[in-house]
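> Quick note on numbering: the UniProt record's numbering labels position 4 of the sequence shown as 4, and the sequence is numbered without any gaps.
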Amino acid sequence: MASQIPVSAPPSGGTDTDGAIKTYTMEQLKEHGSKESLWMLLHDKVYDVTRFMDEHPGGDEVMLEEAGRDATEAFEDVGHSDEARSMLPKMLLGDFQGQKTSKKKTDPYPTAAKTIQSEKSKITWLIPVAVVGAYLAWRVFLA
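Listed below in structure tokens is the structure:
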């Protein structure tokens with residue numbers, strides 16, 4: 001999916017002395033994962049969202065949960081508004097360089113389909129074992 005985040009030149013803090021856009025690494029991103037200083041990685045861009053945490057409709061906890069890793073998937077899954085996306089260029093620090101880490105999602109609540117599939121897999125091996133057991137019992141006791 002193409003990025004729908006408007007990208008403009010970063011604020012003066014996002015450029016080097018020669019005017020080039022700064023690049024940041026995962027190590028630098030992880031150093032700013034607290035309520036006092038929070039940087040987020042979205043679509044290969046690094047944003048300083050510290051001042052916005054108190055205004056975030058979902059609360060600062062959801063933002064802190066994504067600290068120190070690529071938050072693009074979480075950002076897109078929520079379906080942020082155009083207004084939220086338009087705020088990002090003001091918070092842009094620069095580009096990201098290096099290996100990304102993302103949060104592995106686990107489903108704490110299995111769905112009914114997963115439970116049924118699990119039950120089917122148990123029955124799949126139970127039926128042949130029961131047939132072999134019945135055959136052996138017939139051979140031993142009745143033959």
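Quick reminder that beta carbons are idealized off the backbone N, C-alpha and C, glycines included.
Have a look at S3 and H43 and give me their C-alpha separation to the nearest angstrom.
Only weak support is given to the placement of S3: the predicted model assigns it a pLDDT of 48, under 50, and the value that follows is read from those uncertain coordinates. For S3 and H43, the distance between alpha carbons rounds to 7 Å.
> Go ahead and label R139 buried or exposed: buried means 16 or more other beta carbons lie within 10 angstroms of its beta carbon, across all protein chains shown.
exposed
> Restricting to runs no shorter than 4 residues, where is the alpha helix (DSSP H) found entirely within the segment 32 to 114?
Entirely contained in the segment 32 to 114, the alpha helix (DSSP H) runs reaching 4 residues are, in chain order, 60 to 65, 72 to 78, 82 to 91.
> Beta carbon of V49, beta carbon of M63: below 8 Å?
yes
> Which whole-angstrom value describes the C-beta separation of F96 and L38, a residue pair presumed to lie in contact below a C-beta threshold of 8 Å?
Rounded, the Cβ-Cβ distance is 15 Å, inconsistent with contact.
> Do you know how far the Cα of I123 is from the Cα of F75?
41 Å
> Using three-state DSSP, classify T124 as helix, strand or coil.
Helix at T124.
> Checking the sheet assignment: what are the DSSP bridge partners for T23?
D95
> Please check the pair K22 and G94, which I expect to be a contact at CB under 8 Å, by giving their CB distance rounded to whole angstroms.
4 Å
> Just mark S12 as buried or exposed, buried being the case when its beta carbon has 16 or more other beta carbons within 10 Å.
Summary for S12: the model assigns pLDDT 45, below 50, so the residue's position carries little reliability, and this model does not support an answer.
> Is it buried or exposed, L126, if we count other Cβ atoms within 10 angstroms and call 16 or more buried?
Result: exposed.
> Just tell me which of A130, A20, M87 has its CA closest to the CA of E55.
Comparing Cα-Cα distances from E55 to each of A130, A20, M87, the minimum goes to M87.
> Just the C-alpha distance for A20 and S121, rounded to the nearest angstrom, thanks.
Approximately 57 Å, taken between the alpha carbons.
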